[in-house]
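The structure under discussion appears below in the form of structure tokens.
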Amino acid sequence: MLDTLIAGLLRGNIYALGAVGISLVFGVMNVVNFAQFSFFGLGAMLAWFGIVKLGLPFWLALPLVLVMCAGFGLLTNVAVVRPLAKYLPLAAMLSTFAVSQILDNASQVAFGANFRAFPKVLPTSNFRVGNLAFGTSDLVMLGITIVVMVTMSLFLKYGRIGRAIRATSQDQEAALQVGIPVAGVQHVSFVIASALGGLAGVFIALYVGVANPSSGLETGLVAFVAATLGGLGSLVGAVIGGFVLGVLEAFGIHFFGDTAREIIVFAVLIIVLIVRPGGLLGRVPLISSEPLTGTFLGRGRPFRIPKWVWPIALVIAAVVVPLVGGDYVLTTGTQVLIYATIGAGFTLTAGQAGVLALGQAGPIAIGAYSSALLTTVVHLPFWVALPVSGLIAAIIASILSSPIWGVKGHYISIATLGVGTVIVAVIQLVFPQGIYGIPFPDWFGTPLTSPLAYYLIDLGVLVITLVVMWRIRRSHLGKVIASVGSDETAAVASGVRARDYKALAFAVSAFFAGVGGSLLAHQYTYIDPTIFTTLMSLLVVTIVIMGGVNLPYGAVLGSIVLIGAMELLRFTPELRIIVYGLVLILVVRFRPGGLLVRNS
Amino acid sequence: MSENTAAGAPASGETSVEVDAATAATSDALLSVEGLERHFDGVRAVDGVSFTVAPHEVVSIIGPNGSGKTTTLNLVSGALRAGAGTISLEGRRIDHADPARIAEEGVARTFQNGRVFATLSVRDNVEVGLHSTLTASRPFRRLSRLFLLRWIPLLGELFIAIIGTPASRREQKQIDARVESEVQRFEARLGPRRDDPAYSLSYANRRRTEIARALALQPKLLLLDEPTAGMNQSETAEVLEQLLQLKADGQAILLVEHKLDLVMTVSDRVIVMDGGRIIAEGAPQTVRHDPAVIEAYLGRRRGLGGATDDVVASAAPADETPAATTGDAATGEDEA
Amino acid sequence: MSALLELDDVHVYYGPFHALRGNTLTVGEGEIVSLLGGNASGKSTTMKTILGLVKPKGGTVRFDGRDVTHASTRQRVVAGIASVPEARRVFPQMTVDENLLAGAFTRKDRAGIQEDLERIREHFPRLAERRRQEAGTLSGGEQQMLAFGRALMSRPRLICMDEPTMGLSPKLVDQVLDEIARINRELGVAVLLVEQQAELALSIASRGYVLASGEIVLQGGSRELLDDPEIQVAYLGKATDTAAESDTTA
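Protein chains in written order, with the numbering used here: chain A, 47 to 646; chain B, 268 to 603; chain C, 2 to 251.
The structure is reproduced here in structure tokens:
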């Protein structure tokens, strides 16, 4: 029992370091900084490189790593976050998500994707108390953390800059007026946060004994949940949140095994958001002074698309592409169509209802697994399994996310990310192996194995999706959902049950995500949990934002560019992710309405 | 000064009506608020407020900033939950209902700085206001307050949206017609902009859109939070016209407003709040001459201005109080 | 009277919205000037322009003879412009002392800062009593004192105050106005007082400007403005009979 507690505290110590950084940045910028995640992985990899490849001593490598992480952090803030944070905090959050993907994958390109053994720079089990073994390494980590925390709190309490940081996070406008250079304060906060992230990353590597560029995401998510748990913006809360999670997680692993980890973490997050929407020590305003949902992407007028474009587009998609393109083009085209379907359905949630859900991989995975099981185990025909998996995805995703619709602002995006992650984690728990031999669709007994047939099926599904989305948008319901996305407080005052309509919009999006998942499963004929990553969620978000978050047909354009072009240009997966990230940042920065929307 | 008396005339003309309305209010009130309280971090924003609004009555709440006017409005509309006290609409308690329910019961509101659905057109803004009056487009809507069963009306709405029924198509025609008639209320201003997104409107037009949206609800009681804030004189006069028109149509209104001219002209009764409490209540003319009101709201610091007899009478003791209670801050000098 | 602050033909836009339309105003050394107007009339924008929080598209802002149109807020604070923001906006989770020190952020002379801290504690004994208390727990009037103190910590020559009486009870309003007059008299600091309640502001100011829809529509000495029937009715929004009465007694 005691050793579980100690293990929990050691992990908690790492989470606390990361969470403090996230909370610090949130305090001064009002932006949830997902890029913080990457500094965990980056810190670990840079330390590994310094020690193993360059042969540096640990005590030299550590400060170097911190300086480099700080530098990257500063760059992130100057180039991406600050320009957006002032006007579009939600867009800035999205950009940091993109930055984290870029950093992770750049690090993967640079260092390779495999796990590296992290050198044992310090003894790990040279002490023993009772039957509890620990090492200098653990003591040093704990010691450094304590020193860092104490220094930080003294700096914030008595330092001139520290005071300026606190002043900025309590009231940015007033801080500006007393002559505090807020931009500088934000840079400093970013630098500190990134260095803390790097430090936590080195600690993780020391603690686990391995380093991997993408390991940051896993720890990062937990640190992030810790910060949210404590209340974003509250540093004390972040420390408490870190230790609470570390201990809970250690006991969870002790009792339920390692796979339960993510589920526990996100279950805690969601419960906290429902019970105390601002976290343990945070505050949420009673009545939002301005709309908090994702309306930033909704402004500007879509370009008028002449009526004749539609039949021509349909002819090109249904006749020209199949005639001209070979199997390779058709297979790629099928992917484009599937993601366009998922994206078009997602515009109802992200665009109309204004909920920038970050966990669409969840319902996609449910759809894929439902369809796979329905066809391989129950032996239902594909044509039945397809809509049924959409329904199952909608129902399960709706049940799981039903508690979160009262959550506001950034928190709702975070909660959807949590729900998505939990879904995939549960699936991994239940079906760790993946499912093989998912059948092709058939036509009265004849299996449709050709890429052409599958392409045409998916085209049909996309056309139906677009028609449905178009009908919804034009209806009274569509306007009501859009009113919720535009200003929830005003919508409720007009008698609109905002939560219910957000839930409905999400259910519809989850249905199409499930349908898309089913289509993917039958195209791949094999699925396993590694397909449905956070990256897939990011891809869906990027697709809709690129075309215009409010425009179902915009998702088609987004999918053509982000799936089709990437594939045909034969970008490597890592490079592709970097491109997704850059596209997302550039679109959000320069055409926040999407490519098909005129700036206003 | 001729324009002053002209502006003041309707107010005095209304006096006889006020008395009737005031007596009616006590017997069968449309809105009845009893002992309302709401604290924020120990600050008593609303501290034991009781008042009524009779059917067809126009009641205004005035008071200095921070006196609890808007909080009261937020409590009545359900945007905030009361700490204590009761709110009843036509005798039915609404203080524990959620804001959407209160809107369905027939209470519509506008917001202090004007909140429109920025990305929706003017017409669509108004159409959303109609939401709670619809039937065919919202099948099984009685279930929408019930746990889990609320999905039945939601999916019903989805079905109507995608496929539709003959009844829903008929209703959509009615919706369009009613939206049109609400827009026509402000035809000169909103007419040419009816298909423009609300974010492209001027501030005054947004506020008009907001009022049109609130009226689309066909409310029993209309709550207006500073409808003329940020408007210039002519725009304010226009709003006054609209309010008088609504009043003539028998619309009950609870109005929070700073512009006293407008308040005095349009109100049947005026409630004056200060520090979360009601310090005076009555017909506009009575309230205006109430010494407590003059001290709290109308201002009494008129060393330079033309101080009138009644103002001086009430201001003199008040000027002494702060000096007496806060000896450390004021050294007793009088710069006036 | 030498002009300490001069705004010359200042135009400010928020996107396409023309928020300030060529405003010209001056504040003399040691003078109290009030800037009056209703909601959205442009008075807060004027103040933000003076503080450098909003950059004008046209026109110049001069302080103490220097062109500061393009200077940052920090540079302006160093030059001697301080502010008491709307709704006070003290830093709620910082102590009274920390709030005051935050006001001295732009200064590096430790001894001077300490000296001013003492002076402000002397000036506002209430703040000295509560030096270790979190500012968010102070009463409205105390917060207003703290906001004044914080502004004074930068050793300003001009303090811009955005509706310092907003949300205060009538008693406190009186006290706050006395305080402004006292700060002005004892420390010789010029004050630009942005107010909605014209009579209150003009009772301590020597001159006033009236803004409407981003334009200065009236200006003059306080008495002149108070006696102006046009402002009484049109802008001040006061009851018509009070206007009439003030007219007759003047």
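Using N, Cα and C, we set each Cβ at its ideal position, and we do this for glycine too.
Asked	Found
Within chain A, partners of B:GLN439 - CB distance below 9 Å	SER521 and HIS522
Per-residue contacts from A:ASP504 into chain B (C-beta, under 7 Å)	In chain order: nothing, as chain B lies at least about 21 Å away.
Nearest to C:LEU21 (by Cα), restricted to the options C:ASP229, C:LYS49, C:THR96 and C:GLN115	C:LYS49
Those residues which DSSP pairs with C:GLY221 across a bridge	C:GLY209
Top-ranked residue by Cα proximity to C:ASP228, from C:GLN134, C:ILE217, C:GLY209 and C:SER214	C:GLY209
In chain order, each alpha helix (DSSP H) run of at least 4 residues that lies wholly inside the stretch 416 to 486 of chain A	428 to 447 and 456 to 476
Reduced DSSP category for C:ARG108 - H, G, I as helix; E, B as strand; rest coil	coil
Short-range partners of chain A found in the stretch 85 to 96 of chain C, where Cβ spacing is below 8 Å	PRO86, ARG90, VAL91, PHE92, PRO93, GLN94 and MET95
Alpha-carbon spacing of C:GLU99 relative to C:VAL55, whole angstroms	27 Å
Alpha helix (DSSP H) runs wholly inside the stretch 90 to 157 of chain C, at least 4 long, in chain order	97 to 104, 111 to 124, 126 to 130 and 141 to 153
Collapsed DSSP secondary structure at B:GLY352 in the structure displayed	strand
For A:ASP546, three-class secondary structure by DSSP	helix
B:ALA519 in three-state terms, based on DSSP	strand
Pick from A:VAL434, A:LEU550 and A:MET187 that is closest to B:ILE419, judged by C-alpha positions	A:LEU550
CB contact check: A:LEU550 to chain B, cutoff 9 Å	yes
Spatial distance of A:TRP451 from A:ILE458 (CA atoms)	7 Å
6 Å Cβ shell around B:LEU340 - same chain, five flanking residues per side excluded	LEU490, ASP492 and VAL523
Simplified DSSP assignment, three categories, for B:GLU324	coil
DSSP state of A:TRP516 mapped onto helix, strand, coil	helix
Cβ contact check for the stretch 435 to 446 of chain A and the stretch 268 to 278 of chain A: 3 or more pairs under 8 Å	no
Extent of the continuous alpha helix (DSSP H) to which B:ARG417 belongs	Counting along the chain, B:ARG417 falls outside any alpha helix (DSSP H), and DSSP gives it neither H nor E.
Per-residue burial, B:PHE307 [other beta carbons within 10 Å of its own, 16 or more giving buried]	exposed
Per DSSP, cross-strand counterpart(s) of A:PHE180	A:PHE173
The beta strand (DSSP E) enclosing C:SER84, as first and last residue numbers	82 to 85
Below-9 Å beta-carbon distance, C:SER73 vs any chain A residue	yes
Cβ-based contacts, 9 Å cut-off: residues of the stretch 456 to 468 of chain B near chain A	PRO464, ALA465, TYR466 and SER467
Status (buried if at least 16 other CB within 10 Å, exposed otherwise) for A:GLN474	buried
Beta-carbon spacing of A:LEU140, A:LEU402 below 9 Å	yes
Nearest-angstrom Cα separation, counted from A:ALA390 out to A:ARG637	19 Å
Short CB-CB distance (under 9 Å) between A:VAL472 and chain C	no
CB contact flag (C:LEU159, C:ILE82, <9 Å)	yes
CA nearest to the CA of A:THR380, picked from A:LEU505, A:GLY189 and A:PHE201	A:LEU505
Contact set between the stretch 146 to 169 of chain C and chain A, restricted to residues whose Cβ is under 7 Å from the partner	ARG151 and SER155
Residue-level contact to chain C via CB, B:PRO558, 9 Å cutoff	no
Chain-order list of residues whose beta-carbon lies under 7 Å from that of A:VAL382 (same chain, five-residue window excluded)	SER605, ILE606, ILE609 and GLY610
Buried versus exposed, by CB contacts within 10 Å (16 or more), A:THR571	exposed
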